[in-house]
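S.K.: Below you'll find the structure I mean.
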Amino acid sequence: MTLSRTDIARASLTDRYATGLRLNKEWAAQTARNQPELFPTLASGQTPQILWIGCSDSRCPETTFLGLEPGDVFVHRNIANVLHPGDLSSSAVIEYAVQYLRVNHVVVCGHTSCGGVAAALGNKNLGILDPWLFPLRQLRERNLKLLQSMPSEEAAGKLAELNVREGLNIVKQKSVVLNAIRERGLQLHGLIYDVGSGVLSELDTEDSEEVIRARLTAFHTE
Numbered sequence: 000m001t002l003s004r005t006d007i008a009r010a011s012l013t014d015r016y017a018t019g020l021r022l023n024k025e026w027a028a029q030t031a032r033n034q035p036e037l038f039p040t041l042a043s044g045q046t047p048q049i050l051w052i053g054c055s056d057s058r059c060p061e062t063t064f065l066g067l068e069p070g071d072v073f074v075h076r077n078i079a080n081v082l083h084p085g086d087l088s089s090s091a092v093i094e095y096a097v098q099y100l101r102v103n104h105v106v107v108c109g110h111t112s113c114g115g116v117a118a119a120l121g122n123k124n125l126g127i128l129d130p131w132l133f134p135l136r137q138l139r140e141r142n143l144k145l146l147q148s149m150p151s152e153e154a155a156g157k158l159a160e161l162n163v164r165e166g167l168n169i170v171k172q173k174s175v176v177l178n179a180i181r182e183r184g185l186q187l188h189g190l191i192y193d194v195g196s197g198v199l200s201e202l203d204t205e206d207s208e209e210v211i212r213a214r215l216t217a218f219h220t221e
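Spelled out as structure tokens, the structure:
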């Protein structure tokens, strides 16, 4: 059964949890009919090609806007897609995805209209969220002159981009990632998702061969 626009519109008027449970059964039945091998394959294990590090924002469902299937993307999401060097949760996800699942791509994705970015940009007091957003506040301070020279929406987009680049820098410092780059060509990507259009944009984050070799040399001589 294919869900019509009318079905979706009607669902929006009801409780989303109850609606989700009902639609799940319809989705599962429809998927099993269209792809009878999918669920048995997933039950036997996972072989995702992508590790996705993104924001917890409800408007940013990575598998949906990538047009991919269950089992294609291994995911870590948090407030404002911030990567703390000492965060055990993100570190464990990266280690597992790269070393054991052997993903081919690691993505750090930010997005437009991000509440965490807006809070850091406005230097707002958010209580328990303040220590989590501290790296974003540091990025704001380091780039304050540039950000203040921009209109607010453009500045928010720039800070989201800087946050993605900083996250990638942290990922690139991890030994498991460096080894995977050297041994099997693991690729890293920075993306920005536009919640107003549904379109992803790639950031230019490619390191030169010289930079990659320098990182690897530094790691193996420590």
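Numbering that gives the first Met the number 0 numbers the first residue of the sequence shown as 0 and each following residue consecutively. All C-beta atoms, glycine included, are put in the ideal place defined by N, C-alpha and C. Here the structure is a predicted model, which is why all the values come from computation and not from measurement.
1) Quick one: residues in its chain with C-beta nearer than 8 Å to the C-beta of L41, no 5 flanking neighbours on either side, listed in chain order?
2) So, are the CB atoms of D193 and H110 less than 9 Å apart?
3) Indicate whether Q45 and F64 have their beta-carbon atoms separated by less than 9 Å.
4) For a quick check, are the C-beta atoms of Q98 and V175 less than 9 Å apart?
5) Classify N80: buried if its beta carbon has 16 or more other beta carbons within 10 angstroms, exposed otherwise.
6) Comparing alpha-carbon positions, which option in I52, K157, A119 and I78 lies nearest L167?
7) Counting contacts by CB-CB distance shorter than 9 Å, is L187 in contact with chain B?
8) If you check the beta carbons only, do V107 and L146 fall under 9 Å apart?
9) Is it buried or exposed for I127, if we count other Cβ within 10 angstroms and need 16 for buried?
10) Helix, strand or coil for D193? Go by DSSP, reduced to three states.
11) Decide if A31 is buried, meaning its Cβ has at least 16 other Cβ atoms within 10 Å, or exposed.
12) Kindly identify the DSSP beta-bridge partner or partners of R76.
13) Identify the continuous beta strand (DSSP E) that holds V107 and give its terminal residues.
14) State the DSSP-derived secondary structure class of E205, mapped to helix, strand or coil.
15) Please say whether Q186 and V92 have beta carbons closer to each other than 9 Å?
M.R.: Reading off the structure:
1) P69 and G70
2) For the 9 Å CB-CB criterion, D193 and H110 form a contact.
3) no
4) Against a cut-off of 9 Å, the Cβ pair of V175 and Q98 comes out as a contact.
5) buried
6) I52
7) The structure shown has no chain B; it contains just one protein chain.
8) No, Cβ-Cβ distance for V107 and L146 is not below 9 Å.
9) exposed
10) In this structure, DSSP gives D193 an extended state, which the three-state scheme calls strand.
11) exposed
12) G53
13) H104 to H110
14) coil
15) no
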